[in-house]
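A.B. asks: Numbering (this note's numbering), first residue to last: 621 to 861.
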Amino acid sequence: MTDKQGSGQQYHPMLEICVESFQDALSAVDAGADRIEYCSALAVGGLTPSPGAMERISDIPAPCMVMIRPRPGNFRYDASEIAIMKREISLAREHGAAGVVFGVLNDAGVLDKPTLKDLITACEGLQTTLHRAFDQLSDPLAGLEQAIELGFDRVLTSGGAPDAMTGRNVIAHLITEARNRIVILPGAGVTAANASDILDVTGADELHASCKRDAAGSGYDAGRVSVDTDRVRALKAAMKR
Numbered sequence: 621m622t623d624k625q626g627s628g629q630q631y632h633p634m635l636e637i638c639v640e641s642f643q644d645a646l647s648a649v650d651a652g653a654d655r656i657e658y659c660s661a662l663a664v665g666g667l668t669p670s671p672g673a674m675e676r677i678s679d680i681p682a683p684c685m686v687m688i689r690p691r692p693g694n695f696r697y698d699a700s701e702i703a704i705m706k707r708e709i710s711l712a713r714e715h716g717a718a719g720v721v722f723g724v725l726n727d728a729g730v731l732d733k734p735t736l737k738d739l740i741t742a743c744e745g746l747q748t749t750l751h752r753a754f755d756q757l758s759d760p761l762a763g764l765e766q767a768i769e770l771g772f773d774r775v776l777t778s779g780g781a782p783d784a785m786t787g788r789n790v791i792a793h794l795i796t797e798a799r800n801r802i803v804i805l806p807g808a809g810v811t812a813a814n815a816s817d818i819l820d821v822t823g824a825d826e827l828h829a830s831c832k833r834d835a836a837g838s839g840y841d842a843g844r845v846s847v848d849t850d851r852v853r854a855l856k857a858a859m860k861r
């Protein structure tokens with residue numbers, strides 16, 4: 621392994637795996653995931669897990685970041701949906717989540733600061749990740765400063781590109797501009813084949829991936845996204861520095 625900063629200490633980037641079931645969370649951790657993003661419906665980008673799934677959080681032997689997204693589609697929410705998100709945040713806290721993952725845009729396509737501030741207040745005691753709604757912003761540097769001002773702990777981003785490999789130079793710039801005030805988490809299309817390049821170019825300390833299986837479901841299996849533990853193990857090995 622190499623030393624990231626020349627301090628003589630080993631550098632172990634953290635691997636976050638997003639899953640849509642309790643069993644997949646267990647499998648991902650067993651394969652080497654350091655943290656779980658706990659969702660449902662990954663085929664539509666991830667939604668809030670069911671209350672029953674949330675009840676199992678404390679049985680997952682790794683920190684869990686819970687997706688708070690009440691429906692698929694855009695990231696503009698009305699008052700009733702924001703109220704639901706607050707209740708989902710409370711459920712995540714009650715069941716032992718390490719943190720929550722969410723994002724809200726306004727009609728102009730920029731971060732909805734008043735609503736996000738309200739939601740951040742509801743997250744007291746939890747880590748907060750701004751999800752890839754960030755990648756829809758036309759001015760990511762302005763969005764970064766707003767996320768920092770709001771108090772987010774982390775931003776999940778592909779650098780505004782279809783995948784983190786393509787957006788790695790933008791991600792590197794975001795990390796430079798963040799100046800350790802917030803964690804930038806590269807995600808989207810991260811695999812064992814490109815993880816080293818993404819880490820080397822961006823200098824990131826964490827990566828986010830789904831490591832999903834290739835097999836496409838049909839009938840009742842359509843839309844099911846399951847974790848491939850071999851891919852998790854290979855990705856974790858590729859991240860060693």
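Cβ atoms here follow ideal geometry from the backbone N, Cα and C, with glycine treated the same way.
Computed from a predicted model, the values in this text were never measured in an experiment.
1. In whole angstroms, what is the alpha-carbon distance linking M621 and G823?
2. Residues bridged to A854 by DSSP?
3. When DSSP labels each residue in this structure, what does V730 get in the three-state scheme?
4. Per DSSP, H828 forms a beta bridge with which residues?
5. Using the beta-carbon count (16 or more within 10 Å), is D848 buried or exposed?
6. On the CB-based measure, 16 or more other CB atoms within 10 Å of its CB, does T668 come out buried or exposed?
7. Quick check on G693: buried or exposed, where buried means 16 or more other Cβ atoms within 10 Å of its Cβ?
8. Any idea what DSSP makes of E776, helix, strand or coil?
9. Give the DSSP-derived three-state secondary structure of I677 in the structure shown.
10. Mind checking whether L746 and A699 have CB atoms under 8 Å apart?
11. Beta carbon of H828, beta carbon of E657: below 8 Å?
12. What is the rounded straight-line gap between the Cα of G815 and the Cα of E797?
13. For V649, which three-state DSSP category applies?
14. Looking at the secondary structure, which residues open and close the beta strand (DSSP E) in which P657 lies?
15. Determine whether the beta carbon atoms of I740 and G719 lie at a separation below 8 Å.
16. Beta-carbon separation of R689 and F722 under 8 Å?
17. Between the Cα of T749 and the Cα atoms of V803, N726, P681, R861, which residue gives the shortest distance?
C.D. replies: With the structure as the only source:
1. Confidence is the limiting factor: at M621 the pLDDT is only 32, short of 50, which leaves the residue's position unreliable and the question unanswerable from this model.
2. A854 is bridged by DSSP to nothing; it lacks a bridge partner.
3. Coil.
4. H828 is bridged to E636, G807.
5. Per the 10 Å Cβ criterion, buried.
6. When all chains shown are included, T668 counts as buried.
7. G693 should be labelled exposed.
8. Checking the sequence, you will find Leu at residue 776 rather than Glu. Three-state result, L776: strand.
9. The answer is helix: DSSP assigns I677 an H, G or I state.
10. At a Cβ-Cβ threshold of 8 Å, L746 and A699 do not count as neighbours.
11. Going by C-beta atoms, H828 is nearer than 8 Å to E657.
12. For clarity, residue 815 is Ala in the given sequence; the question names Gly instead. C-alpha separation (whole angstroms): 22 Å.
13. DSSP, reduced to helix, strand and coil, places V649 within a helical segment of the structure shown.
14. Here residue 657 is Glu; the residue named in the question, Pro, does not match the sequence. Segment 655-658, the beta strand (DSSP E) holding E657.
15. Contact flag unset, no.
16. Cβ distance < 8 Å, so R689 and F722 count as in contact.
17. Measuring from the Cα of T749, the nearest candidate turns out to be V803.
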